[in-house]
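In UniProt numbering, the protein residues as written are 1 to 283.
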């Protein structure tokens, strides 16, 4: 497996001016950087690509699905704006060598509410239709989409691997796959190992964070079950640490980061990487 770190661990939003952060991540020993794209206009691939190449650092592109970036919307203008945003992310992914684009692509984060079954069914069907359009866009660039289930406090659409598998079946496109995040799994999945096995060969990316969003290994996540599941399905791909800095106030408020989990974000990253290396090496 290859290990990476999300730039959200230090800053928000990431921009082309954050070259020193890429250098830091590489010098810490990470294999890749996960770049969340809050606005495609913030990132100049032509500027970052040679930096990444010089550092020997790969990139994975992650989406920020908020506000009106909504493929489940009944408003065609909203859907088209969402597709424009995702198109910008796909262009960055292609230009930075990311074979996947990951995130809760089906609907915006923080859209949970007690909706009627009819409304939920209609939103699901619209999302499936538009995900097919997006997957076609991704396929044209040779990129796979990693659909990320979120916990119940952040979405009411795709919360579990079972939900993701159902969406993949409804969309029925070879460039739509699954990305898993251990933080959300810890809330929604009864069995880490079984959930990963259920994702199976459709798993294209893994994000990890502790049960409390702290340093991996410091909480109550089922790391043994996660490792067992990944080994069972033959996953030897990328695993990224995704957490957030309390210093990035707007993002910290949005994801409810109220305290520090390490003396610095650098220490957070170092300890997290050390843990992941030990974890992956265990039988």
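In this text, a Cβ means the ideal position worked out from N, Cα and C, and glycines have one as well.
In the three-state DSSP reduction, residue 232 falls in the helix class (H, G or I). In the DSSP annotation of this structure, the continuous segment of the beta strand (DSSP E) that includes residue 2 starts and ends at 2–6. Residue 23 sits in a helix when the DSSP states are folded into three classes. The distance from the Cβ of residue 173 to that of residue 199 is about 17 Å, inconsistent with a contact at the 8 Å cut-off. Ranked by how close their Cα comes to the Cα of residue 206, the residues 117, 190, 231, 219 have 231 in first place.
Under DSSP, residue 207 shares a beta bridge with 181, 240.
Counting other Cβ atoms within 10 Å of its Cβ, residue 50 stays below 16 and is therefore classed as exposed.
Between residue 43 and residue 99 a beta carbon distance of about 18 Å is seen, past the 8 Å cut, so the two are scored as non-contacting. Selection 52, 47, 88, 208 evaluated against residue 17 yields 47 as nearest (Cα-Cα). Residue 61 sits in a strand when the DSSP states are folded into three classes.
Here residue 257 is near residue 213, since their CB atoms are less than 8 Å apart. Bounds of the alpha helix (DSSP H) holding residue 275 are 265–281. Looking from the CA of residue 114, the closest CA among 58, 153, 162, 6 belongs to 153. The region 2–15 makes contact with the region 266–277; the number of CB pairs closer than 8 Å reaches 3 or more. Residue burial annotation: residue 249 is exposed, with fewer than 16 other C-beta atoms found within 10 angstroms of its C-beta. Just measuring C-alpha positions, the residue of 23, 20, 3, 34 sitting nearest residue 244 is 34. Under the DSSP assignment, residue 100 falls in the beta strand (DSSP E) whose first and last residues are 100–103.
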